[in-house]
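In my numbering, the protein residues as written are 6 to 196.
Even for Gly, the Cβ is constructed at its ideal location relative to N, Cα and C.
Data first, discussion second: the structure below is written as structure tokens.
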């Protein structure tokens, strides 16, 4: 319960102070889009997640523990493994990619984001910001593969428009699990 309250307070502070929004619009967005999306897509997958970190990247202690764990694992595998991983031709030959793999289109925006993220001079805050932007692009691209229900609506000019009413319910094996700002607003609303 405390984590949920902390999350709401953090969101209110950020949206009002940093983004210049008023309290009513922040609460409306939260209650209309953020909370229902979390309850529908994120909360159900938390029970099957390998790891759930309360407060995400803002939980410094948990993040440091994960970083240390990953570093120890990489050190155990040694430099030989790292050099082999850097040679993509060896990795592809040893571990062919699945036929169902879809590559995110390499647009100018994606290239810029990857360049910033890979630059060792990038600050921690910029790394987080640009990584979240890249995750959002990836999530939006992923949504194009989900099944949808077709709908026909009448426009304000009286024309018929064939569109999409909603995403169809996913099987649990097709769940998309993510959290944080990368998924905020994906159901519509303001960012």
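For residue i: DSSP bridge partner residues
i	result
residue 153	172
residue 166	158
Which listed residue (the options) has its alpha carbon closest to that of residue i
i	options	result
residue 170	119, 151, 162	151
residue 153	172, 66, 165	172
residue 2	113, 107, 165	Since the displayed the chain opens at 6 and closes at 196, residue 2 lies outside it and no answer follows.
CB contact flag (residue i, residue j, <9 Å)
i	j	result
residue 23	residue 34	no
residue 39	residue 17	no
residue 11	residue 69	no
residue 15	residue 63	yes
residue 115	residue 109	yes
residue 58	residue 47	no
residue 121	residue 131	yes
Evaluate contact between the stretch 155-165 and the stretch 138-147, counting only Cβ atoms and requiring at least three cross-stretch pairs below 8 Å.
no
For the stretch 129-138 and the stretch 101-112, state whether three or more C-beta atom pairs, one from each stretch, are separated by less than 8 Å.
no
If we require 4 or more residues per run, which alpha helix (DSSP H) segments fall completely within the stretch 19-75?
28-34, 48-51
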